[in-house]
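Going left to right, the sequence shown walks through residues 39 to 428 as my numbering numbers them. Backbone N, C-alpha and C define an ideal beta-carbon position, used for all residues, glycine too. Here is the structure we will look at.
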Amino acid sequence: MNEIILMKLGEVVLKGLNRRSFEDKLNSNIRRRLAHYGSFRVYSKQSTVYVEPQGDGCDLDGAYGACRQVFGAIAVTRALPCPKDKDAIFHCAQNYLDAELRAARTFKVETKRADKHFPMNSMEISQYVGGLLHDAYPHLKVDVHTPELCVHVEVREKAAYVHAPSQPGAGGLPIGMGGTAVSLLSGGIDSPVSSYMIAKRGVQLELVHFFSPPYTSQMALDKVKQLAKELAPWCGRMTLHIVPFTEIQEEIRRACPEDHFTLIMRRFMMRLAQGVAKRTGAKALVTGESLGQVASQTMDALTVSDEVCTLPVLRPVIGMDKQEIILISRKIGTFDTSILPYEDCCTVFTPRHPKTHPHLDEVHEFEKALDIEGLVEKALSGVERVTVSQ
Numbered sequence: 039m040n041e042i043i044l045m046k047l048g049e050v051v052l053k054g055l056n057r058r059s060f061e062d063k064l065n066s067n068i069r070r071r072l073a074h075y076g077s078f079r080v081y082s083k084q085s086t087v088y089v090e091p092q093g094d095g096c097d098l099d100g101a102y103g104a105c106r107q108v109f110g111a112i113a114v115t116r117a118l119p120c121p122k123d124k125d126a127i128f129h130c131a132q133n134y135l136d137a138e139l140r141a142a143r144t145f146k147v148e149t150k151r152a153d154k155h156f157p158m159n160s161m162e163i164s165q166y167v168g169g170l171l172h173d174a175y176p177h178l179k180v181d182v183h184t185p186e187l188c189v190h191v192e193v194r195e196k197a198a199y200v201h202a203p204s205q206p207g208a209g210g211l212p213i214g215m216g217g218t219a220v221s222l223l224s225g226g227i228d229s230p231v232s233s234y235m236i237a238k239r240g241v242q243l244e245l246v247h248f249f250s251p252p253y254t255s256q257m258a259l260d261k262v263k264q265l266a267k268e269l270a271p272w273c274g275r276m277t278l279h280i281v282p283f284t285e286i287q288e289e290i291r292r293a294c295p296e297d298h299f300t301l302i303m304r305r306f307m308m309r310l311a312q313g314v315a316k317r318t319g320a321k322a323l324v325t326g327e328s329l330g331q332v333a334s335q336t337m338d339a340l341t342v343s344d345e346v347c348t349l350p351v352l353r354p355v356i357g358m359d360k361q362e363i364i365l366i367s368r369k370i371g372t373f374d375t376s377i378l379p380y381e382d383c384c385t386v387f388t389p390r391h392p393k394t395h396p397h398l399d400e401v402h403e404f405e406k407a408l409d410i411e412g413l414v415e416k417a418l419s420g421v422e423r424v425t426v427s428q
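In structure tokens, the structure reads:
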């Protein structure tokens, strides 16, 4: 039998009558994600997704790495099937895990018997296989508490499966089960992390970036496109909406007090993101704001930003400090790109002394000098769309 991949379901197992729809969506996402690595049969049974290569041309290494980035599974492992026979299970473990067994000093066998018709219970299987492995590898000592190697045996409906310890999966819920949202993607550290975190809740993303030439360079735009590409293995296929923002920023600088530049700019960003959401059918906006991190992220400033929105604004990193955000950024592979020294439009015309506790009535008064509707409509008419896929 050929080596396969087993994926253990996470939160999906807690679902009720709609659990099947979550499993179907997860399986569909896995198939799409593995299309680059060959032909695989993907199906679910007993809270486990089976990923079986169909032919010798499949890249199992690549498929295994991709499976670990698919939201919906909490653990992923490579396993070798064998007949449901106690001696076949031992020989499978010996052959499949020979290198690991030779390298370890302590071990144990842990069995799960999903097929209750199998004549031995879990403890008996573990004792039998463990005894024969101990005889075959005399240097090994049994340690049932903290072994260097745990040999896993699963006796299931079709076959028995042997594998080493699983690796963590992506967790969360299958993308597509949580609706669609528009995520504002800058070139910084926080917004890619917030996009990842909301996608982990099963949300399909549309990305929006605000581009301000000549104040921001082509290198800055290429940086954002690279961030979107780095998110795609986690978030799936997305569209990056590049919104021209130069005229709006210049009008704000011309007509509004300097200390309110950032606040009024943020209000335009929210209006434009909501415009993209309406065009794409998205039901929420996603931002990377962390409470108190900068002047535009105080409670008063966020209230001013949100006042222009009718859609809910989701802020996954709102209660996180910078180090926590950086840790996730490194984990998902966006950190090195985020710190490249190319400015985004949020740093254009930055006030020397930004307003941290603004009042809505003042902001409304300042905005009277702007053709808000005309500026928004013109920017939305100039949107460039780029498809991003893994």
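**Message:** Rounding to the nearest angstrom, what Cα-Cα distance links residue 118 and residue 218 in this structure?
**Reply:** 38 Å
**Prompt:** Using DSSP with H/G/I as helix, E/B as strand and the rest coil, what is residue 57?
**Reply:** helix
**Message:** Rounded to the nearest angstrom, what separates residue 419 and residue 312 at their Cα positions?
**Reply:** 14 Å
**Request:** Decide if residue 261 is buried, meaning its Cβ has at least 16 other Cβ atoms within 10 Å, or exposed.
**Result:** buried
**Which listed residue (212, 356, 267 and 400) has its alpha carbon closest to that of residue 228** = 356
**Item:** Helix, strand or coil at residue 331 [DSSP, three-state]
**Value:** coil
**Request:** Quick one: grab the DSSP three-state call for residue 201.
**Result:** strand
**Prompt:** Is the CB of residue 229 under 8 Å away from at least one CB in chain B?
**Reply:** Included in the structure is just one protein chain, with no chain B present.
**Prompt:** Distance, Cα to Cα, residue 410 vs residue 338?
**Reply:** 22 Å
**Request:** Please classify residue 242: does DSSP put it in a helix, a strand, or coil?
**Result:** strand
**residue 137 and residue 189 closer than 8 Å at C-beta** = no
**Asked** Can at least three beta-carbon pairs, one atom from the segment 234-251 and one from the segment 270-282, be found at a separation below 8 Å?
**Response** yes
**Asked** Roughly how many angstroms separate the alpha carbons of residue 243 and residue 220, rounded to a whole number?
**Response** 6 Å
**Request:** From the DSSP output, read off the bridge partner residues of residue 282.
**Result:** 249
**Request:** Run through the segment 382-407 for me and flag every whole alpha helix (DSSP H) of 4 or more residues, listed as ranges in chain order.
**Result:** 398-405
**Request:** Use the C-beta contact count for residue 58: other C-beta atoms within 10 angstroms, 16 or more gives buried, fewer gives exposed.
**Result:** exposed
**Message:** Pull the bridge partners of residue 351 from the DSSP assignment, please.
**Reply:** 323
**Item:** Three-pair Cβ contact test at 8 Å for the segment 281-297 versus the segment 186-205
**Value:** no
**CA nearest to the CA of residue 134, picked from 40, 258, 99 and 52** = 40
**Extent of the continuous beta strand (DSSP E) to which residue 78 belongs** = 78-83
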